[in-house]
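See structure below.
Number of protein chains: 2
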Amino acid sequence: MILTVTLNAALDITYRVPRLHPHTTHRVTEVAERPGGKGLNVARVLAALGHRTVATGFAGGGTGEALRALLAQETAVTDALVPVGGATRRTVAVVDAGTGDTTQLNEPGPTVSPTEWAAFLGTYRELLGEARAVALCGSLPPGVPVDVYARLTRAAHAAGVPVLLDTSGEPLRRGLAARPDLAKPNADELAALTGSTEPLRAARDARRRGAHAVAASLGADGMLAVTADGAWQATPPRRFAGNPTGAGDSAVAGLLSGLVEELPWPDRLCRAVALSAATVRAPAAGEFDATTYQELLPHVVVTDRPAVA
Amino acid sequence: MILTVTLNAALDITYRVPRLHPHTTHRVTEVAERPGGKGLNVARVLAALGHRTVATGFAGGGTGEALRALLAQETAVTDALVPVGGATRRTVAVVDAGTGDTTQLNEPGPTVSPTEWAAFLGTYRELLGEARAVALCGSLPPGVPVDVYARLTRAAHAAGVPVLLDTSGEPLRRGLAARPDLAKPNADELAALTGSTEPLRAARDARRRGAHAVAASLGADGMLAVTADGAWQATPPRRFAGNPTGAGDSAVAGLLSGLVEELPWPDRLCRAVALSAATVRAPAAGEFDATTYQELLPHVVVTDRPAVA
Chain A
144 MILTVTLNAA
154 LDITYRVPRL
164 HPHTTHRVTE
174 VAERPGGKGL
184 NVARVLAALG
194 HRTVATGFAG
204 GGTGEALRAL
214 LAQETAVTDA
224 LVPVGGATRR
234 TVAVVDAGTG
244 DTTQLNEPGP
254 TVSPTEWAAF
264 LGTYRELLGE
274 ARAVALCGSL
284 PPGVPVDVYA
294 RLTRAAHAAG
304 VPVLLDTSGE
314 PLRRGLAARP
324 DLAKPNADEL
334 AALTGSTEPL
344 RAARDARRRG
354 AHAVAASLGA
364 DGMLAVTADG
374 AWQATPPRRF
384 AGNPTGAGDS
394 AVAGLLSGLV
404 EELPWPDRLC
414 RAVALSAATV
424 RAPAAGEFDA
434 TTYQELLPHV
444 VVTDRPAVA
Chain B
144 MILTVTLNAA
154 LDITYRVPRL
164 HPHTTHRVTE
174 VAERPGGKGL
184 NVARVLAALG
194 HRTVATGFAG
204 GGTGEALRAL
214 LAQETAVTDA
224 LVPVGGATRR
234 TVAVVDAGTG
244 DTTQLNEPGP
254 TVSPTEWAAF
264 LGTYRELLGE
274 ARAVALCGSL
284 PPGVPVDVYA
294 RLTRAAHAAG
304 VPVLLDTSGE
314 PLRRGLAARP
324 DLAKPNADEL
334 AALTGSTEPL
344 RAARDARRRG
354 AHAVAASLGA
364 DGMLAVTADG
374 AWQATPPRRF
384 AGNPTGAGDS
394 AVAGLLSGLV
404 EELPWPDRLC
414 RAVALSAATV
424 RAPAAGEFDA
434 TTYQELLPHV
444 VVTDRPAVA
């Protein structure tokens, strides 16, 4: 199975309002809820691709219960979330029906106690015994050590399990030091890490900081990978209008399934880019449109790039 | 005991953000939750004033459970909410820490089935047997008949229980036809009902539409009552800066406790105005500051107004 870790899982709530006017009162016309947090998004896409997928991390409180109920109802993902005393955070996306723009409000998440953290590590090590790959995804809740992804990477490597790391800021910086097999930053995260806004240069730099391979998601420009075997850029056949929420998480699922299936790198990138575009095109945020995915896959263009300067 | 009815109870969530920028992503720095909906706000103030108070209405889903847990933990209010299959709505207040302004997002609430509605009516009639007064408060969830407050008023009168009605729009218009003992609109609701923005004229008009008495909350201008015995305006000694959320609900609690205690009208208005100002001054939205209330009470100024033109 493939394991995904979501330390700061969320109950994602989407509100539709006719028009967002700050400092006034709004009647919400539509409410939608889904299990959220990057690792859970990755897990549901992996499961939809037919991979046996287990999700761990933390869940607690009424919001945690709601998240777990939705996960059980709506996905084939196996729930191995560890109970936590605090309540799972909510994220609220307010969609302005007039402009289509989204205003996002993200709660910080529950504080994790040392005991809860120890319980998680026990579960994680046990799950690694069956895992073919692990994805470490997203932001950290309060109370979790900032070098957590370095620790989880080392534990995975000790168990012989390859690691994909998808996070940002200090947790990314610290995580890279433990040499994950693949890091998946987006262009902004890559620039914040390396100080360079030129993706190829920045991806090479990120590799030097410790990742065996770096796959950078570049929005409409597709995905750029710099690896030990070469560098490639995969580009979708055209631009897609839609909601980019979860597009990066779908790309992670594409890369991870490609790794487990031992696909050549260009094929992994095609899958990631097609899944990403199919997510932008889907009516619900974070879902992917299976037909769009199948149609796009043969039309993604891969070009060689120089792996070193 | 005093009974309050909240057909569209809410889990009130307050988010504090450093600055609200529409169409961007925000990290929420503080999250607070409380039981919400006008009738529940009224109930907690009545309980804080020392009145035995029972709250009924509907609650359901994980949000309903969270609301009931908070009600039990934080108040002396007796919970007689009727279970409903749908989930209790959330309201989200986003407070901009820079300006202090609030952007409010209100979910519509669960759809109430005819069976659930019938179950509520049974509970309501039973509770009326012990009630000295009832407050019918707030908006209606989907599925509840729009003339509900007229029906509930008639049932209360059949049981000899006086009724305070605090709602707006069509439910207010229809409710007045059943001749509640007191209606408590604010200036906007009164203007929407009568077409007049002149409060005294509008309050007299609202009385002619069926209420035995009308007490209109006028924000910083205090409260204006038009009754069979006369008309009065009560004004706070000065303006108060703060959060007006729940100020109207505290005024309802003041009026209702005054009715039950058979206070003269001017004393009821003083209590309502002092409670209202003490709510604006309280640090948490919808709470009232007991010290401010006691200090203000002797300083509210009441003037006679002509009850008829």
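Going line by line, the protein sequences match chains A and B.
Position one of the first sequence corresponds to residue 144 (the numbering used here), numbered consecutively onward.
Position one of the second sequence corresponds to residue 144 (the numbering used here), numbered consecutively onward.
Beta carbons are placed, not taken as given, at the ideal position from N, Cα and C, and that holds for glycine.
Only a predicted model underlies this, so the values are computations on that prediction, with no experimental measurement involved.
A contact is defined here as three or more CB-CB pairs under 8 Å, and the segment 215-228 of chain A meets this definition with respect to the segment 194-207 of chain A.
Counting along the chain, N249/B sits inside the beta strand (DSSP E) bounded by residues 245-249. Residue range 357-360 is occupied by the beta strand (DSSP E) that includes S360/A, with no alpha helix (DSSP H) assigned at that position.
Those residues of the segment 185-217 of chain B placed with their C-beta closer than 9 Å to a C-beta in chain A are G204, G205, T206, E208, A209, A212, ordered along the chain. For V444/A, the nearest beta carbon of chain B is not closer than 9 Å to its own beta carbon. The beta carbon of D239/B falls within 9 Å of a beta carbon belonging to chain A, placing the residue at that interface. Closer than 9 Å at the C-beta level to chain A, one finds these residues of the segment 245-257 of chain B: T245, T246, Q247, L248, N249, E250, P251. Around the Cβ of T340/B, a 10 Å sphere holds fewer than 16 other Cβ atoms; the residue is exposed. C-alpha of T310/A to C-alpha of G286/A: approximately 17 Å in a straight line.
Exclusion of the five residues before and after L336/B leaves L315, R316, P328, A349 as the residues of its chain whose Cβ lies within less than 7 Å of its Cβ. Counting only residues of its own chain and dropping the five nearest sequence neighbours on each side, V403/A has a CB closer than 8 Å to the CB of I145, H194, R275, A276.
Where R317/A is concerned, the enclosing alpha helix (DSSP H) starts and stops at 312-319.
Checking the DSSP bridge columns, you'll see Q376/A partnered with L367/A, T446/A. Interface residue (Cβ-Cβ distance to chain B less than 9 Å): R170/A is classified as such. Scanning L271/A, G272/A, G228/A, A236/A for the CA closest to the CA of E259/A turns up G228/A.
For the 9 Å CB-CB criterion, R177/B and T206/B do not form a contact. Inclusion of H355/A and L333/A in the CB contact set at 9 Å is not warranted, their separation being larger than that value. Here F201/B is bridged, per DSSP, to V225/B. Exclusion of the five residues before and after A420/A leaves P379, F383, L439 as the residues of its chain whose Cβ lies within less than 6 Å of its Cβ. Rounded to the nearest whole angstrom, the C-alpha separation of A377/B and P407/B is 13 Å.
For the options A175/A, E250/A, D244/A, A191/A, the alpha carbon positioned closest to that of L213/A is the one of A175/A. Residues of chain A with a Cβ closer than 8 Å to the Cβ of P165/B are, in chain order, L163, P165, D239, D244, T246. For V235/B, the C-beta contacts it makes with chain A under 7 Å involve V235, in order along the chain. The Cβ-Cβ distance between Y158/B and V238/B falls below 9 Å. Shown here for V148/B: same chain residues with a beta carbon closer than 6 Å to its own, the five before and five after excluded, namely G182, T199, G200, L279 in chain order. For V160/A, at least one C-beta of chain B is nearer than 9 Å to its own C-beta. A374/A places its beta carbon 9 Å or farther from that of R352/A.
If you look at L308/A, you'll find it in the beta strand (DSSP E) that goes 306-309.
Collapsing the DSSP output to three states places T168/B in a strand.
Residue contact with chain B for V174/A: present (Cβ-Cβ distance below 9 Å to some residue of chain B). Residue pairing by DSSP places A153/B opposite G179/B, R232/B in a beta bridge. From the listed residues V171/A, V304/A, D222/A, the smallest Cα separation to A190/A is found for D222/A.
If you ignore the 5 residues before and after T246/A, its C-beta comes within less than 7 Å of the C-beta of L163, V237, all in its own chain and listed in chain order. If you draw a 10 Å sphere on the C-beta of G204/A, you find 16 or more other C-beta atoms in it, and that means buried.
Looking at the DSSP output, N329/A bridges to S360/A.
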